[in-house]
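See structure below.
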Amino acid sequence: MLVLDGVGHVYSAGTPWAHRALHDVNLRLVDGSRVIVVGPNGSGKSTLAWILAGLLVPSDGRVTLDDGPLSIAESHTAMAFQHARLQLLRPTVADDVHFGLDIDDDAVDRALTDVGLDPGRFRHRRIDELSGGEQRRVALAGVLARKPRLLVLDEPLAGLDAPSREALVQVLGRLPRDLTTIVVTHDTEDAERIADRALVLGSGAVTADGTVAEVLGAAVGP
Amino acid sequence: MTTATELHLLRHVPGDSPVHRMWAGTKLLVVAGVGIAIVAEPSWQAQAVAAAVLGAALLACRVPLTAVPRPPLWFFYAIAFAGFLALTAGGKPEIHTPVLSLGFGGLIDWLRFTTLTVIVLAFAVVLGWTTHLADLGPALTRLFAPFRLLRLPVDEIVAAVTLCVRCLPLLVDEMRTLYAVRRLRHPEVPTTLRGEVLNLHDLLVGALVSALRRARELADAVDGRGGVGPAPRLPVRLRLPDYVALLLTTAAVVLIVIL
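Line by line, the protein sequences are chains A and B.
In terms of the numbering used here, the first sequence opens at residue 0 and continues consecutively.
In terms of the numbering used here, the second sequence opens at residue -15 and continues consecutively.
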């Protein structure tokens, strides 16, 4: 279980630019939870995402996974960033999925299949030849191949055309059931297809927490 | 978990000091005047004069000490290593002992170059603390206006400089993301020189790709708006702090040349 206990964060603490982005966030997520985090710009979504991914040490409170510290080194966490191109560090699709992992070619093909990309077509494609949606799926294949326990997705659907969006929503709906998934987004259109629970952040604090239907009902309802 | 690095390049510190109230062009003239003078004449006396002007600016701008950049420890190790290499270069003055002869010429030159760099960077930091980035473009337009007589593309030069400065925060943000990606996808800390080089290679290639992509997007956006257009020419209102700063800078430059 992932637990956030009184988590808060101040950027540039102790400088003239000190700015509190998050305060007193308490959260308990059982394994396999699917949570969507929404809120306006500057509400603390990205800060929360970075803390959940283990990239940022919160100024206040603590984050634990099964009562122990959250660890990047043990690959507890993975994060897919909004700008997928920044996340792709090798020239071809297969090289990129392989990156930093001791896995065979079959595992690479499985990761590509899991994100809806045909390995035969994509394995040797160059990263810069891919569309934005395909790059996002390759980035996702790379993080899924690490077999993390917690996956954080930052604005996964932003800027995609309708077919790419639908393909990615289907991929997110097929993620392993034991993988805890947190989707940080402005976009609530397909929230019910990718999450069970919704959190609303406002001015750095959680202002609503419940099922997607309860919290975002007005936004996702008919 | 570790903390993500926070960089504050040319970041404005809100305030109402005389330096904050100065026209951005005055501050650019001070930095350029003193900077060029001490680079052309990097003697200790010249650096002392420049340091005095810098000290006056630091006192006048009333920026808290907590804004001073705190470079990582490895930065100081690298500086110290460069000093050690300079010491091995020898040169006069020399000290001779029965077991060892040491020449300090290289070390003194290194020290002089290092203090000069620190002074010039400190001037740039004060400029960043006290000036909104948006004020730099109009100020540069005024300062470069005489070059129009030489048919130099002033508008294009100002647009390029302004865009570069404005893109700095974006670049810092993308480097932060790249570093985070590298840590998440390859969390093992490199233990060999080859590993360190490969790590650096990944970050540099990523940064290059990202910078090129940004530059292309920016160029497309500028083209889409019909080119850079004429730079804004806002009226200049010099006040007492501007006149004091220009007088002080002129005196400092004359002193540097004389000394």
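We treat Cβ as the ideally placed atom computed from N, Cα and C, and that holds for glycine.
Values in this document were obtained by computation on a predicted structure and should not be read as measured data.
- In the DSSP annotation of this structure, the continuous segment of the beta strand (DSSP E) that includes A207 of chain A starts and ends at 204 to 210.
- Inclusion of R89 of chain A and F98 of chain A in the CB contact set at 7 Å is warranted, their separation being smaller than that value.
- The shortest CA-to-CA distance from L171 of chain A to any of A:D186, A:M78, A:P155, A:H185 is the one to A:P155.
- A check of alpha carbon separations from D23 of chain A across A:P39, A:M0, A:D59 identifies A:D59 as the nearest.
- For H185 of chain A, no chain B residue has a C-beta closer than 8 Å to its own C-beta; the minimum C-beta separation is roughly 18 Å.
- Remark: C-beta atoms of I50 of chain A and P39 of chain A do not approach each other more closely than 7 Å.
- Proximity of H116 of chain B to chain A, defined by a Cβ-Cβ separation below 7 Å, is not satisfied.
- Taking CB atoms only, T14 of chain A has a neighbour in chain B less than 7 Å away.
- Straight-line measurement puts the Cα of L168 of chain B at about 24 Å from the Cα of H123 of chain A.
- Secondary structure at A30 of chain B: helix, using DSSP grouped into helix, strand and coil.
- Judged by DSSP secondary structure, H22 of chain A falls within the beta strand (DSSP E) whose first and last residues are 18 to 28.
- Rounded to whole angstroms, the gap between the alpha carbons of P130 of chain B and L42 of chain B is 31 Å.
- In the three-state scheme derived from DSSP, where H, G and I count as helix and E and B as strand, I71 of chain A is classed as coil.
- Shown in chain order are the members of the region 183 to 207 of chain B whose Cβ falls below 8 Å from a Cβ of chain A: D186, V189, G190, V193, S194, R197.
- Look at I22 of chain B here: in three-state DSSP terms it is helix.
- Around the CB of I79 of chain B, fewer than 16 other CB atoms lie within 10 Å, so the residue is classed as exposed.
- The C-alpha of L200 of chain A is placed about 56 Å away from the C-alpha of W28 of chain B.
- When C-beta atoms of the region 227 to 242 of chain B are compared with those of the region 154 to 167 of chain B, fewer than three pairs fall below 8 Å, so the two segments do not count as touching.
- Following the DSSP letters along the chain, one finds T76 of chain A inside the beta strand (DSSP E) bounded by residues 76 to 79.
- Within the region -9 to 21 of chain B, contact with chain A at the beta-carbon level (separation under 7 Å) is assigned to H(-8), R(-5), V(-3).
- Contacts with chain B at 7 Å (Cβ-Cβ) include I71 of chain A.
- When only Cα atoms are considered, T112 of chain A and A138 of chain A end up about 13 Å apart.
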